[in-house]
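Read through the structure below, which is laid out as structure tokens, and then see the notes.
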Amino acid sequence: MPFSPRTKLLDWQPFRGEVNVRETLISLLGEAASTLSRAGFAEPRRLARRLVARALDLTPAELLGHPEQVLDEQQTSRFRLALDRMAGREPLSRILGRREFWSLEFELSPDTLDPRPETETVVEAVLRRVSDRRAPFRLLDLGAGTGCILLALLSELPAATGIGVDIVAGAMITARRNAAAIGLAKRAHFFVGDWGAALTGGFEVIVSNPPYIASAALANLPCEVALYDPCLALDGGADGLGAYRSLVRDLPRLLKPGAVFVSEVGLGQASAVAAILQASGLAIESCERDLAGIRRCVVARAL
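Numbering of the sequence shown is given in our numbering, commencing with residue 4 and proceeding in unit increments.
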């Protein structure tokens, strides 16, 4: 029927409220991808999926299987806060306060380095050299940070015990919380100390991921690293090798004969670190490469 001034509009009432637009997963994914693309991120869609899933504690199946799921105001606010911070180049792990490493979840704090996937090369190098994973090894992690290397190893070695040492008290508080959360508090103990100076010997395995960035290179680091990782965990001195020269003094005393030392190294540092270890009396066994093909850790043994 054509409209005329005499047409009666049934049940019409003036709108007096506010439009309540309910967000869905798919709308947040689109918003995140668009925002991250404008901010200059590579692969914005992949990052958007990761951001939405992590910010809302969703599994990939939940995220992709229910794209029309309606979200409440609290979920939407949490997502947008995380998106704003990520667009400002804050790492997602820092936004969430946690990082997955070796399939375990680790709490982060301002006092700890954000664990990197390439550090798993250290864990792999140790496990390849363990013939009996049920043996009662003693492990030591020098510069333990979150405790990720030590706790990853203990998760694979059920009869082993370990000590983690770091000069930063706040890092050791975080590491203890991580050990408790993972269920390893009875086998992992964390102390504040200057490398291995206060410890006695008898370790079958010692690991380390010390600071190895040359001081002058710190200014050139990506802002995601420079602004959010603690400088003390990055700065390796004038040539990036200062920490290796310090910690190596304790190794001959702390390692059992035949015991293994595995340390992460920076790009192009493997030969120099191997020389430092060799000069201390250790035998160099290998330099292990990470998934990118970079020589990422040096493996040495006590004679």
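The beta-carbon is built from N, C-alpha and C at its ideal position, and this holds for glycine as well.
Worksheet item: Would DSSP call TRP15 helix, strand or coil?
Response: Looking up residue 15 in the sequence shown gives position 12. Only weak support is given to the placement of TRP15: the predicted model assigns it a pLDDT of 34, under 50, and the value that follows is read from those uncertain coordinates. Note: TRP15 maps to coil in three-state DSSP.
Worksheet item: Going straight from the alpha carbon of PRO118 to that of ARG102, what length do you get?
Response: Counting from 1 along the sequence shown, the entry for residue 118 is found at position 115. Counting from 1 along the sequence shown, the entry for residue 102 is found at position 99. Between PRO118 and ARG102, the C-alpha separation is close to 7 angstroms.
Practice prompt. Report back the beta-carbon spacing between SER158 and ILE185 to the nearest angstrom; my notes put them in contact at under 8 angstroms.
Written response: Working through the sequence shown from its first residue, we reach residue 158 at position 155. Working through the sequence shown from its first residue, we reach residue 185 at position 182. SER158 to ILE185, Cβ: 7 angstroms. Contact.
Item to complete: Assess, as a yes-or-no matter, whether the stretch 235–245 is touched by the stretch 213–226 under the definition of 3 or more beta carbon pairs within less than 8 angstroms.
Response: The stretch 213–226, when compared against the stretch 235–245, does touch it at the 8 angstroms Cβ threshold.
Item to complete: Report yes or no: do three or more beta-carbon pairs, one from the stretch 221–237 and one from the stretch 286–294, lie closer than 8 angstroms?
Response: No, because fewer than three Cβ pairs between the stretch 221–237 and the stretch 286–294 fall closer than 8 angstroms, the two stretches do not touch.
Discussion item. Quick check on DSSP: helix, strand or coil for LEU257?
Written reply: Here the question's residue 257 lines up with position 254 in the sequence shown. Looking at LEU257 - three-state DSSP - the assignment turns out to be helix.
Fill in: Exposed unless 16 or more other CB atoms sit within 10 angstroms - verdict on LEU294
The sequence position of residue 294 within the sequence shown is 291, counting from 1. Exposed.
Discussion item. Measuring only the C-alpha atoms, how far is LEU50 from PRO63?
Written reply: Counting from one through the sequence shown, the residue named residue 50 turns up at place 47. Counting from one through the sequence shown, the residue named residue 63 turns up at place 60. Their Cα atoms are separated by approximately 13 angstroms.
Item to complete: Evaluate the contact criterion for the stretch 242–261 versus the stretch 138–150: three or more CB pairs, one atom per stretch, below 8 angstroms.
Response: Yes: at least three Cβ pairs fall under 8 angstroms.
Worksheet item: Which partner residues does HIS192 have in the DSSP bridge list?
Response: In the sequence shown, counting from the first residue as 1, residue 192 sits at position 189. Under DSSP, HIS192 shares a beta bridge with ILE166.
Practice prompt. Express the C-alpha separation of LEU250 and VAL302 in angstroms, rounding to a whole number.
Written response: Sequence index remark: in the sequence shown, residue 302 carries index 299 (1-based). Sequence index remark: in the sequence shown, residue 250 carries index 247 (1-based). Here the alpha carbons of LEU250 and VAL302 stand approximately 15 angstroms from one another.
Worksheet item: How would you label GLY150, buried or exposed, when you count the other beta carbons within 10 angstroms and need 16 or more for buried?
Response: Locating residue 150 in the sequence shown gives position 147, where the first residue counts as 1. A residue is called buried once 16 or more other Cβ atoms fall within 10 Å of its Cβ, and GLY150 is buried on that count.
Discussion item. Tell me which residues share the same chain as ASP238 and place their Cβ nearer than 7 angstroms to its Cβ, disregarding the 5 neighbours each side in the sequence.
Written reply: In the sequence shown, residue 238 corresponds to position 235, counting from 1. Only PRO214, ILE216, SER218 and LEU221 meet the Cβ criterion.
Fill in: Proximity winner among TYR247, ALA138, LEU306 and MET89, relative to ALA36 (alpha-carbon distances)
Here the question's residue 36 lines up with position 33 in the sequence shown. Minimum Cα distance to ALA36 is reached at MET89.
Worksheet item: Candidates LEU61, LEU32 and LEU59: which alpha carbon is nearest PRO308's?
Response: Given a span of 4 to 306 for the chain in the structure shown, any question on residue 308 remains unanswerable.
Fill in: Sequence-distant residues of its chain with Cβ nearer than 6 angstroms to ILE166 (five each side left out)
Here residue 166 is taken as the residue at index 163 of the sequence shown, counted from 1. Taken in chain order, the residues that qualify are LEU143 and HIS192.
Worksheet item: With DSSP run on the structure shown, which of helix, strand or coil describes GLU46?
Response: The count along the sequence shown starts at 1 and reaches residue 46 at position 43. Three-state DSSP puts GLU46 in coil, outside helix and strand.
Fill in: Where GLY205 falls, given that 16 or more other Cβ within 10 Å makes a residue buried
Working through the sequence shown from its first residue, we reach residue 205 at position 202. Counting Cβ neighbours within 10 Å, GLY205 comes out exposed, since fewer than 16 surround it.
Practice prompt. Confirm, please, whether the CB-CB distance from VAL73 to VAL265 is below 8 angstroms.
Written response: In the sequence shown, the residue the question calls residue 265 occupies position 262. In the sequence shown, the residue the question calls residue 73 occupies position 70. No; because the gap between Cβ atoms is not below 8 angstroms, this pair is not in contact.
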